[in-house]
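Asker:
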Amino acid sequence: MKQDFKRRSFLKNTAALAALVGLPGGNIFSKAEPQELVEAAAKVLPATGKPVFGLKVPPIKQVKVGIIGLGNRGAEHARLVNAVGLGKAKITAICDIRPEFANKTLDFLQKNGGQKPTVYSGKPDAWKELCRRDDVDLVIIATPWEDHVPQAVFAMQHGKHVALEVPCALTIEECWQMVNTAEETQRNCMILENVCYGNEELWLLNMAASGVFGTLTYAECAYIHDLRELMFSKTYYYNQWRVRHHEVRDGNLYPTHGLGPVAQYMDIDRGDRFDFCVSMSNKQTCLDEFTPTLEPDNEFYNKTGFVHGDMNNTLIKTAKGRTILVQHDVVTGRPYSRINMLAGSKAFHKGYPSQMSVSGHGHGFLKAEEYKEYRERFAHPLWKKLEGEAEKNGGHGGMDFVMLWRMIDCLNRGVELDMDVYDAAAWSVVTPISELSVQLGSVPVKFPDFTRGYWKKERKLGVMANP
Ligand SMILES: NC(=O)c1ccc[n+]([C@@H]2O[C@H](COP(=O)([O-])OP(=O)(O)OC[C@H]3O[C@@H](n4cnc5c(N)ncnc54)[C@H](O)[C@@H]3O)[C@@H](O)[C@H]2O)c1
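Shown next as structure tokens:
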């Protein structure tokens, strides 16, 4: 009897997992065995277009921008694109399903420089009209996770470049859709991983590229941020979309803030690649214990049985033998951290607070004066150039402004963007890959190679080659 139940729930799980992987027959009747799922996850799909490594498009003197989703994040993007200035970019259209949110951004833009984009709103697919416009070069997408890929694919198919919020995709199949569409349409699909433009992260990137760390061996990174109040709030996220993922999914739901910078330090898909991971979540407690504190009229009041473990640990091994620990915990009452730890044969860094040690300088961390000397000597030129404006315009300490300014500047100049669709896929796919590992008992799961072998070619990141 017990055996039967185990078999039945396994079948139910594999159906969900098959859907996650994008296996045909990924439905309730799926009979996929664990090994088949693991193999299917790593399967490389045939190309339907031409690769977009180092994609360069003709310079766009003034980038015409459309923004979909004007909640917490999208409204910030509108404010910061506006701050980049009309000399470089103009917002021609904005869209939010909720008219009051679209109009709030319109009002802001009119009062702060006089831009007057066309507003689309009121129905779930109003964003399609924005994508069909001739006067949009770049679509910025800041909607809930489940909308990202359908919107990005449609925008690219209508000739637009796309800048997509994190994580870009939810399933392995969606990652391939993103890659194949970018290749078919020869459009950019950039992951909006703002943390790659943080002052500390750019500094580490510059030091890693300059050999300060020697051979890189290990990293730890994370998204640790107590979001309980915000996730259950009836007004913060649209329709409380974020916590709904915790009801049905267990893995690393938000890997890219920590992992994106690490992937850049380690030249992932530019000489190394994520090979496989094992993932483990602990028990779920914090949300169950939090819901009784909600107002009784909250849909989640007293709700229990959330699926997502409080802390997810995913350990990635790279093709060159490095390991990376990626953590996700948005429910424990602990201080914010992305860890930002990097170890190499010659140096070591950890964030929160930032401290560094260098081989041959004793067993402790560098003293304040020595640390300062490294900060100054290896400050990244992009950060140095934009420091004043980043400080003035803000956005997570200025990193949001630097990211948007840089993306628009690359399009203005017709040079390749710093992050491509392969980065978007490789960093986002950690979510479904880790879910698969968790569900199958923390077994190793191979990453699909979205570059189809091109990862072996050493390529310099745009932000290092052409800052
Ligand atoms: N990079 C970062 O630092 C950062 C920070 C916050 C959020 N994010 C990401 O940004 C995205 C949005 O998060 P958020 O906090 O702004 O959420 P949000 O709920 O505040 O905003 C989402 C917006 O999308 C709108 N929307 C929903 N369905 C739509 C549709 N069909 N058409 C048009 N608009 C629609 C909603 O009305 C809402 O205003 C998420 O992917 C999130 O992970 C990234």
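Position in the sequence shown (from 1) plus 1084 gives the number in my numbering. Backbone N, C-alpha and C define an ideal beta-carbon position, used for all residues, glycine too. As the structure is a prediction and not an experimental result, all values here were calculated from the model.
With a 10 Å radius around its C-beta and 16 neighbouring C-beta atoms as the bar for buried, classify Pro1380 as buried or exposed.
Answerer: Along the sequence shown, read from residue 1 onward, the residue named residue 1380 stands at position 296. The residue is exposed, with fewer than 16 neighbouring Cβ atoms inside 10 Å.
Asker: Run through DSSP, which three-state label would Leu1545 get?
Answerer: Mapped onto the sequence shown, residue 1545 falls at position 461. Three-state result, Leu1545: coil.
Asker: Looking at His1412 and Pro1339, is the spacing between their C-beta atoms short of 8 Å?
Answerer: Numbered from its first residue, the sequence shown carries residue 1339 at position 255. Numbered from its first residue, the sequence shown carries residue 1412 at position 328. Yes, the Cβ-Cβ distance between Pro1339 and His1412 is below 8 Å.
Asker: Just the Cα atoms here: how many angstroms apart are Leu1409 and Asn1336?
Answerer: On the sequence shown, residue 1409 is found 325 positions in, with the first residue counted as 1. On the sequence shown, residue 1336 is found 252 positions in, with the first residue counted as 1. If I take the Cα positions, the gap works out to 11 Å.
Asker: Can you find at least 3 beta carbon pairs, one from the stretch 1194-1203 and one from the stretch 1171-1182, that sit closer than 8 Å?
Answerer: With the cut-off at 8 Å, the stretch 1194-1203 and the stretch 1171-1182 touch.
Asker: Quick one: what does DSSP say His1232 is sitting in, helix, strand or coil?
Answerer: Locating residue 1232 in the sequence shown gives position 148, counting from the first residue. Reduced to three states, the DSSP call for His1232 is helix.
Asker: Considering only their Cβ atoms, is the gap separating Ile1275 from Leu1248 smaller than 8 Å?
Answerer: Against the sequence shown, residue 1248 aligns to sequence position 164. Against the sequence shown, residue 1275 aligns to sequence position 191. The answer is yes: Cβ separation under 8 Å.
Asker: In or out: Val1332 buried (at least 16 other Cβ within 10 Å) or exposed?
Answerer: One-based indexing of the sequence shown puts residue 1332 at position 248. Exposed: under 16 other Cβ atoms inside 10 Å.
Asker: Are Val1362 and Ser1521 closer than 8 Å when you measure CB to CB?
Answerer: For the purposes of this step, residue 1362 is taken as the residue at position 278 of the sequence shown. For the purposes of this step, residue 1521 is taken as the residue at position 437 of the sequence shown. Yes.
Asker: Measure the beta-carbon distance from Asp1359 to Thr1402 and round it to whole angstroms, keeping in mind my assumption that it falls under 8 Å.
Answerer: Looking up residue 1359 in the sequence shown gives position 275. Looking up residue 1402 in the sequence shown gives position 318. Indeed, because the Cβ distance is near 6 Å, the residues count as touching under 8 Å.
Asker: Met1364 lies in the beta strand (DSSP E); which residues open and close that run?
Answerer: Residue mapping note: residue 1364 aligns to position 280 of the sequence shown, counting from 1. Segment Phe1358 to Ser1365, the beta strand (DSSP E) holding Met1364.
Asker: Give every residue of the same chain whose Cβ lies closer than 8 Å to the Cβ of Trp1325, excluding the five residues on either side of it in the sequence, and list them in chain order.
Answerer: Here residue 1325 is taken as the residue at index 241 of the sequence shown, counted from 1. Excluding residues within five positions, the ones whose Cβ falls inside 8 Å are Pro1228, Trp1229 and Glu1230.
Asker: Would you please state the rounded distance, in angstroms, between the beta carbons of Asn1552 and Leu1139? I believe it to be under 8 Å.
Answerer: With the chain running from 1085 to 1551 in the structure shown, residue 1552 is simply not present.
Asker: What does the Cβ neighbour count give for Pro1251, buried or exposed, with the cut at 16 atoms within 10 Å?
Answerer: By 1-based counting over the sequence shown, the position of residue 1251 is 167. Burial call: buried.
Asker: Could you pull the DSSP bridge partners for Ser1205 from this structure?
Answerer: Within the sequence shown, residue 1205 is the residue found at index 121, counting from 1. For Ser1205, which the question treats as bridged, DSSP gives the partners Asp1180.
Asker: When you measure from the CB of Tyr1420 to every non-hydrogen atom of ligand 1, does any distance come out below 7 Å?
Answerer: Taking the sequence shown and counting its residues from 1, the one referred to as residue 1420 is at position 336. Not under cutoff, so the answer is no.
Asker: Measure the beta-carbon distance from Val1442 to Lys1456 and round it to whole angstroms, keeping in mind my assumption that it falls under 8 Å.
Answerer: For this step, residue 1442 is matched to residue 358 along the sequence shown. For this step, residue 1456 is matched to residue 372 along the sequence shown. Not really, about 14 Å apart at Cβ, beyond 8 Å.
Asker: So Arg1312 and Cys1370 are in contact, right, with Cβ under 8 Å, and what is the actual spacing, rounded?
Answerer: Taking the first residue of the sequence shown as position 1, residue 1312 is located at position 228. Taking the first residue of the sequence shown as position 1, residue 1370 is located at position 286. At roughly 7 Å, the Cβ-Cβ gap stays under 8 Å, so Arg1312 and Cys1370 are in contact.
Asker: From Trp1489 to Leu1495, what distance separates their C-alpha atoms?
Answerer: Working through the sequence shown from its first residue, we reach residue 1489 at position 405. Working through the sequence shown from its first residue, we reach residue 1495 at position 411. If you take the alpha carbons of Trp1489 and Leu1495, they lie about 10 Å apart.
Asker: In chain order, what residues of the same chain have a beta carbon less than 6 Å from the beta carbon of Gly1150, not counting five sequence neighbours either side?
Answerer: The residue given as residue 1150 occupies position 66 in the sequence shown. Ala1177, Leu1214, Val1220 and Val1223, listed in sequence order.
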